[in-house]
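Asker: Can you read through this structure? Questions will come right after.
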Amino acid sequence: MKGLQIQGVNQVSVVDLPAEPIGEGMVRVAIHAVGLCGTDFALIEGTLGLNVWPVVPGHEVIGRVTESRSSRFHVGDPVILDPLVSCGTCNACRLGRPQWCEHVGVIGVVRDGGAREEMVLPDSQWVPWPKKLPLEDGVLSEPLHVVETILPLIGSEQPSRILVIGNGALGLMILHVLKHYWPDLDIRTYDVIAERWHRALRIGGKPWNPNDKEPMNVVIDGVGTNSSLKMAASSVGNGGHIIVYGVPKPGNVVPNADLLFRKNVRMSFSRLYTHEFRYPAQWLANDVVTSTDIVSDRLSLDEAAAFLREKRWKSPSRWGKAIITIARNPIQDEGEQQ
Ligand SMILES: [Zn+2]
Ligand SMILES: [Zn+2]
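Residue 115 in UniProt numbering is what sits at position 115 of the sequence shown, and the numbering runs on without skipping anything.
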């Protein structure tokens with residue numbers, strides 16, 4: 001079986017991987033598509049602080065069941081990957097907070113993920129995907145699961161003004177969902193990459209720049225660098241809330257602690273999520289977000305290896321999400337004719 005493998009910093013290639021055995025309670029899935037995101041880019045640059053090499057990336061995964069030893073799934077079923085692995089027995093797990101598990105792991109980060117032709121996992125790591133939805137949409141379910149985890153941190157009351165820093169794929173999805181629930185919300189957006197910023201403005205965000213003085217109630221920072229955290233600290237108003245989901249590099253510290261203290265700011269970090277995918281399928285079915293809004297590049301495994309090796313995600317003309325479309329096998333074609 002062909003798969004993408006990261007062997008070290010900036011070392012990535014397409015390799016032959018052995019087929020995996022299937023055991024009781026497990027499900028074999030032919031992978032249809034895999035999304036790439038900032039986590040994969042940090043993984044290949046070695047800045048995630050969790051380098052377990054070699055590893056097959058891919059935590060945003062959609063595919064179809066080709067073999068099932070579980071009563072929950074049947075051959076042909078479309079499924080998405082739940083990449084969160086939790087122990088089930090630590091204090092956090094017992095309290096129903098697997099995202100804070102003491103032994104938490106993410107498939108595609110610390111163990112082999114979905115950027116390969118097929119994958120065998122226990123049935124608990126697969127989530128049924130509605131048959132009526134396009135298979136490719138499923139690739140957005142994991143990032144939308146991130147969105148459904150971040151947005152409730154704002155609270156149920158509509159803020160009067162919100163700033164979204166970072167208009168990559170996740171930033172754009174956040175804008176779409178915010179606009180859906182709060183159509184008249186005053187949203188400001190900022191990105192250093194013009195193409196991304198234009199997309200964000202088209203969704204209904206207003207341009208923000210670091211000289212703007214209007215205080216923000218909520219700042220959502222999808223970048224997590226020193227400069228974005230400084231922007232968040234200076235733009236947030238008294239008693240405001242900063243939500244950080246961008247991955248800070250190892251050793252990064254939160255700047256402007258004095259300013260944050262004077263403004264009495266609340267700061268939240270959003271890293272992982274629960275096992276429950278509540279809204280992604282619903283949002284996609286109702287066109288709150290569509291793959292046309294978000295997916296910019298469709299790559300083969302070989303093209304993805306080159307994309308990652310050459311760091312093309314850093315190109316100033318890029319926007320949106322790159323996905324890897326894995327060659328379809330006969331059972332997938334059969335499933336689609338149903
Ligand atoms: Zn991701
Ligand atoms: Zn646990």
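Glycine residues also receive a C-beta, built at the ideal position from the N, C-alpha and C atoms.
Between Glu142 and ligand 1, is the CB less than 7 Å from at least one heavy atom?
Answerer: Checking the Cβ of Glu142 against ligand 1 gives yes.
Asker: Quick check: Ile294 and Val34, are their CB atoms within less than 8 Å of each other?
Answerer: In this structure, Val34 does not lie closer than 8 Å to Ile294 by Cβ.
Asker: Along the chain, which unbroken stretches of the alpha helix (DSSP H) at least 4 residues long are found entirely within the stretch 243 to 330?
Answerer: With a minimum length of 4 residues, the continuous alpha helix (DSSP H) runs that stay inside the stretch 243 to 330 are 257 to 262, 280 to 285, 291 to 294, 301 to 309.
Asker: If you compare alpha carbons, which of Cys37, Leu170, Ser315, Gly113 is closest to Ile80?
Answerer: Considering only alpha carbons, the answer is Gly113.
Asker: From what residue to what residue does the beta strand (DSSP E) around Thr189 run?
Answerer: Looking at the DSSP string, the run of the beta strand (DSSP E) that includes Thr189 is 186 to 190.
Asker: Pick out whichever of His176, Val253, His59, Ile44 has its Cα sitting closest to the Cα of Val9.
Answerer: For the residues His176, Val253, His59, Ile44, the minimum Cα distance to Val9 belongs to Ile44.
Asker: Consider the C-beta atom of His59 and the heavy atoms of ligand 3; say whether any pair is separated by less than 7 Å.
Answerer: Although ligand 3 was asked about, the structure shown includes only ligand 1 and ligand 2 as ligands.
Asker: Any Cβ of chain D within less than 8 Å of the Cβ of Arg312?
Answerer: Absent from the structure: chain D. Only one protein chain is present.
Asker: For Pro143, collect the residues of the same chain with a Cβ closer than 7 Å to its Cβ; drop the 5 residues on either side in sequence, then sort them by chain order.
Answerer: Closer than 7 Å at Cβ, skipping near neighbours: Gly35, Cys37, Glu60, Ala169, Leu170, Met173.
Asker: Could you compute how far the alpha carbon of Ile154 sits from the alpha carbon of Val244?
Answerer: Going by the C-alpha atoms only, they are around 12 Å apart.
Asker: Just to confirm my understanding: we take Thr47, look at its own chain, exclude 5 residues before and 5 after, and list those with CB closer than 7 Å. What are they?
Answerer: Lys249, Pro250.
Asker: Cβ-heavy atom distance between Thr39 and ligand 1 below 7 Å?
Answerer: Yes - ligand 1 has a heavy atom lying nearer than 7 Å to the Cβ of Thr39.
Asker: Of the choices Leu308, Lys311, Met1, whose alpha-carbon is the least far from that of Val120?
Answerer: For Val120, the nearest C-alpha among the options comes from Met1.
Asker: How many angstroms separate the CA atom of Ser235 from the CA atom of Glu214?
Answerer: C-alpha separation (whole angstroms): 7 Å.
Asker: Note down the Cα distance separating Arg188 from Ile162, rounded to an integer number of angstroms.
Answerer: For Arg188 and Ile162, the distance between alpha carbons rounds to 6 Å.
Asker: Given 8 Å as the limit, is there contact between the stretch 120 to 136 and the stretch 13 to 27, that is, 3 or more CB pairs closer than that?
Answerer: Touching, per the Cβ criterion.
Asker: For Trp126, which of helix, strand or coil comes out of DSSP?
Answerer: Strand, per DSSP.
Asker: Would DSSP call Glu142 helix, strand or coil?
Answerer: In this structure, Glu142 counts as helix in the three-state DSSP scheme.
Asker: Kindly list the residues whose CB is nearer than 8 Å to the CB of Ser141, restricted to its own chain and excluding five residues on each side of it in sequence; keep chain order.
Answerer: Within the same chain, Ser141 has close Cβ partners Glu60, Ile62, Ile80, Val127, Trp129, Phe277, Pro280, Ala281, Leu284.
Asker: Apart from the five residues just before and just after Lys179, which ones in its own chain have a Cβ nearer than 8 Å to its Cβ?
Answerer: So the list reads Leu185, Ile187, Ile203, Gly204, once near-sequence residues are dropped.
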